[in-house]
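In full-length UniProt numbering, the protein residues as written are 1 to 252.
All residues carry an ideal CB built from backbone N, CA and C; glycine is no exception.
Everything numeric in this text was worked out from a predicted model, so none of it was measured.
Here the structure comes first, spelled out in structure tokens, and everything after it is commentary.
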Amino acid sequence: MIDWQLHFSMGNGSIIEDSKGDIAGCILWWDYGSNYATVGLVVVPSHMQGNGLGRTLMDTVMSQTGARSLQLVATVAGKRLYQQCGFVERGAIYQVQGQLTTQPVPTESNLDIEAIDDTSLNDMQALDACTYGCSRQKLLTAVAQSGKGLIAYRDDKAVGFAMLRTSGHGQTLGPVLAESDNIAKALISRLLCNETGFIRFDLSENALNIKPWLESFGLTEVDKVSLMVKGAFLPSNASGVRIYSLVSQAFG
């Protein structure tokens with residue numbers, strides 16, 4: 001419920017009602033400025049599927065978002081609908097989760113790693129905007145307020161950050177952005193070294209090198225979904241910083 005509340009509070013939503021006034025479908029999208037938005041939580045009950053409701057919901061969002069490029073994740077079942085709406089596949093997202101069977105030992109690092117506060121929040125938001133190509137300031141502020149995070153500096157320059165928050169069955173670790181696998185590991189290991197219970201990651205393809213390391217703590221890949229985009233794909237590694245883990249599949 002906590003995770004749904006965060007998504008609803010940050011999003012723009014639409015619903016479809018049936019003839020009795022009951023909700024027959026819903027969809028949300030998240031605004032990251034005039035150029036980019038993500039779409040998610042597209043829900044149509046199984047007994048209502050096949051009636052074109054999914055397409056109606058998508059048409060509504062595409063009308064509301066105007067000229068923005070759109071990003072979403074698609075299951076095998078939903079991919080055809082999104083392709084019909086003009087989305088193309090741009091990669092994969094790996095859902096890796098489970099009960100921690102062992103806690104990671106903080107990896108050695110020559111970085112300055114500190115807790116995110118009001119001052120470093122600005123550095124984190126700037127690094128995120130440079131990597132994603134859009135402003136997610138409102139989202140990152142909300143995630144920081146609902147959990148905890150670390151930011152890494154090298155020579156007073158921000159080179160990565162990671163955040164952990166309560167969600168679903170336990171906690172979600174994301175976003176994670178870093179210049180290298182070692183920086184990502186340094187941030188993740190310090191966030192998890194005193195944690196127990198259920199942990200979830202939504203990993204990008206940039207994180208495939210560290211995925212076995214995460215699995216050594218008891219986590220398992222439970223799903224793989226397609227990352228799809230309509231329009232320009234703004235996130236880029238051009239700045240030298242890579243996206244390892246998402247805030248969520250819906251938020252990006």
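- Under the DSSP assignment, lysine 79 falls in the alpha helix (DSSP H) whose first and last residues are 76-84.
- DSSP, reduced to helix, strand and coil, places glutamine 249 outside both helices and strands of the structure shown, so it counts as coil.
- Here the segment 178-194 does not lie against the segment 220-230, with fewer than 3 beta-carbon pairs under 8 Å apart.
- At a cut-off of 3 residues, the continuous stretches assigned as beta strand (DSSP E) that sit fully inside the segment 207-249 are 220-230 and 242-245.
- Here valine 176 carries a strand assignment [DSSP, helix/strand/coil].
- Membership of tyrosine 153 in the beta strand (DSSP E) is indicated by the continuous run 147-154.
- Restricting attention to alpha helix (DSSP H) runs no shorter than 4 residues, the segment 28-65 encloses them at 53-65, ordered along the chain.
- As the crow flies, the alpha-carbon of alanine 238 is around 42 Å from that of alanine 24.
- Alanine 77 and valine 61 have their C-alpha atoms spaced approximately 19 Å apart.
- With contacts defined as CB atoms closer than 8 Å, isoleucine 151 and serine 120 qualify as a contacting pair.
- In the DSSP assignment, threonine 119 falls outside any beta strand (DSSP E) and within the unbroken alpha helix (DSSP H) covering 118-132.
- Around the Cβ of arginine 165, a 10 Å sphere holds 16 or more other Cβ atoms; the residue is buried.
- Here isoleucine 93 is near leucine 246, since their CB atoms are less than 8 Å apart.
- In this chain, the alpha helix (DSSP H) harbouring asparagine 182 covers 181-192.
- Looking at Thr141, Gly149 and Phe161, the one whose alpha-carbon comes closest to that of serine 9 is Thr141.
- Contact holds between the segment 114-134 and the segment 142-161, because three or more Cβ pairs, one in each stretch, are under 8 Å apart.
- In the displayed model, leucine 139 falls within a helix according to three-state DSSP.
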